[in-house]
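This report refers to the structure that appears directly beneath it.
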Amino acid sequence: MRGLITFCELKLPPDVAGATFMAIGASSPELFSSIIGSFVTEGDIGVGAVIGSAVFNILGITGVAGIALWNEVLEIDWYPMVRDCIAYSITVLCLVGIIYDNIVTWWESVILLGIFFLYILLMYFNTSVEKSTRSLARRIGPDSCFCRSCQDKGTEEEKEPLLKEKVFVPELYSSPQKPALSPADKISVTVSECTGRKDPQGNEIISETQPKDEEDDDETSLCSPPRHGIVRFLWWLVMWPASLLLTITIPNSSYPKCVKAFPLTFLVSIAWLGVLSYLAVWMVTIIGYTLSIPDSVSGLTILAVGASVPDLITSVLVAKSGQGNMAISNLVGSNNFDISICLGVPWLAKTLLSDEGYLRLYSTVLSFAVAVLLITLVIFFMIFQLAGWKLNRMVGLTCLLVYALYIIFACLFEFNVFGYFNPPTCYP
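Everything in the sequence shown is counted per numbering that gives the first Met the number 0, starting at 0 for the first residue and increasing by one.
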C-alpha cells in the first residue's frame, strides 16, 4: 500500500493513478491465479477467478465501499467513469469473441495485450482527451447530456485546490460590528484538501473536504501489541510471524531514508502476492476436489473474492478518504488489467509453449459469464447515473443485491441446473 501511495504522489491525477498503478498492484493476485491455473492445475480456475473478480470489483467492492461510507455521500465525476467503462466494454466484447468457441490462440492473446496498451496510451493523453470530452459535452448541452451533473450545473469547470494548509478563521461574535482581532482571537483549523468550483451564481463551493484522520491512540507494531481488546491482541499474535517476515523482506518506503526505494517496495510486494496466490489456488483446488465443486465455480466465488481483497481494501480506504474518483477508477481500471493482462499473458505463454498451438477451455458457461459482464457494467453505470453520480449507502446495497443475483445464477449454470453446460471433473 505504501508503494502504491508513493506512485500516486508522482503528480498524477487521482483517476489516472487509480486506473494504472493502483489497479496493477492490487490486481496482481488475479495474474498469478491465472498463470497457476494455466500451467499448474490446467483447468478453468484461473479464468473463473478473473471473471468472478471482475464482477466482484464492479458490484461487490462498490457495494462494500458504499456501505462503509454509511451516512456520508461521495460525489463521483462522470468523465473518469465514462472513460473507463467504454474501455472496459471494448475489452469484454473482445473477450466474448475470443472464448466463444472455447479455443484460445496466440494471436487472440496478442489482441488482449494490445487492448491494454491502448488503454495505457489513453491514460497518457488523458488530459487532452478529458478537455475535448468535456468541451463536447458542453456543446451538446445539458438537456441532451446523459450526465446529471451537467444538467444541474449547465457547465463543468475544472476543480482547483482552495485550501491545503493551515488557515486562520476568526471566532464568531454576537456583535454585528467587526472588532479588531488579536492573535489570541483566532482559531487554527487544519484542512487536508478542499476542491472548489463555481455554482451558477458564481459563488465558490466546496465539493470535497476531508480532514486528516486522527492518529490512533492504540497503535500497534511488531514490538508493541495492542493495549485494548482481547480480539485485537489475538489477531496481532496470530499475524506476528507473517508481519515479521514481511517487515524483514519488504523495504518500508514511508521512512525518509527509504523513499527512493518505493519501486522495490512495489515489486517485492507483488512477489509476495504471487506466493500467497499460489497457496490460495492450491488450497481452493483441494477443497473443490474434495467437495466435488467444479474449478470454474471455485474461481467465480471463493478465489475471485479472495483475489480481490487488495482491491477491496484499497478502494474502501480511498473512498473513506474522500477520493471517490480514484476508488471507482481503481475498480474499473483493475478489471481492464484483469482481462487484458491476467488472461492475455498466461494464454500467450501457454499457446506458444503448447504442442497444439492453442488453449482449450472446458466450461461452456464461461462465455455466458463473460457476456453477463456487459450486463453488470450497464447496471453499474445506470445505478450511478440514477443516483446523481454519488456513492452512498443505497448505491452500495443495490450493487450488493445485483452481485448476489449474479453469483446465484452463475453457480446454477455451472452445476448444470438449467442444462448440460459444464462437463464433470475427471478424477484419477
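By construction, the Cβ of each residue, glycine as well, lies at the ideal position given by its N, Cα and C atoms.
Fair warning: this is a prediction, and the values are worked out from it, not measured in the lab.
Query: Tyr99 - DSSP class collapsed to helix/strand/coil; Result: coil
Query: Those residues which DSSP pairs with Thr104 across a bridge; Result: Tyr357
Query: Separation of Ile89 from Thr397, as counted between CA atoms; Result: 25 Å
Query: Distance CB(Arg392)-CB(Ile66) smaller than 8 Å; Result: yes
Query: Spatial distance of Asp217 from Arg226 (CA atoms); Result: The predicted position of Asp217 is uncertain, since its pLDDT is 48 and thus under 50; no value can be drawn from it.
Query: Three-state class that DSSP yields for Glu129 in the structure shown; Result: helix
Query: Secondary structure of Leu390, DSSP reduced to three states; Result: strand
Query: Proximal residues to Ser242 (C-beta, below 7 Å), its chain only, five neighbours per side dropped; Result: Leu221
Query: Unbroken alpha helix (DSSP H) run spanning Phe336, endpoints; Result: 323-352
Query: Of the residues Ile34, Thr132, Tyr87, the one placed nearest Trp77, counting alpha carbons only; Result: Thr132
Query: Reduced DSSP secondary structure (H/G/I, E/B, other) of Leu221; Result: coil
Query: Proximity below 8 Å, CB of Glu29 to CB of Ala318; Result: no
Query: Glu71, DSSP secondary structure in three states; Result: coil
Query: Which of helix, strand or coil DSSP assigns to Asp294; Result: helix
Query: Which of helix, strand or coil DSSP assigns to Asp76; Result: coil
Query: Buried or exposed by the 16-neighbour rule on C-beta atoms within 10 Å, applied to Ile98; Result: buried
Query: CB contact flag (Leu351, Ser33, <8 Å); Result: no
Query: Limits of the unbroken alpha helix (DSSP H) element including Gly59; Result: Where Gly59 is concerned, there is no enclosing alpha helix (DSSP H), given that its DSSP letter is neither H nor E.
Query: Cβ separation of Leu94 and Thr375, assumed to be a contact under 8 Å, to the nearest whole Å; Result: At roughly 14 Å, the Cβ-Cβ gap does not stay under 8 Å, so Leu94 and Thr375 are not in contact.
Query: Sub-8 Å separation of Met80 and Ile327 beta-carbons; Result: yes
Query: Residue closest to Arg359, alpha-carbon to alpha-carbon, out of Leu404, Leu272, Val54, Trp346; Result: Trp346
Query: Residue span of the alpha helix (DSSP H) that contains Gly433, given as start and end; Result: The structure shown does not extend to residue 433, since the chain is modelled only from 0 to 427, so the question has no answer here.
Query: Helix, strand or coil at Phe380 according to DSSP, with G and I counted as helix; Result: helix
Query: Endpoints, the alpha helix (DSSP H) within which Phe232 is located; Result: 229-248
Query: Minimum C-alpha distance to Glu355 - residue among Ser27, Cys84, Trp105; Result: Trp105
Query: Residues near Ala303 by beta carbon distance below 6 Å, same chain, minus five either side; Result: Ala48, Gly51, Ser52, Phe55
Query: For Gly51, three-class secondary structure by DSSP; Result: helix
Query: C-beta atoms of Asn335 and Phe115 nearer than 8 Å; Result: yes
Query: Other residues of its chain near Phe367: CB distance less than 7 Å, five sequence neighbours each side excluded; Result: Phe412
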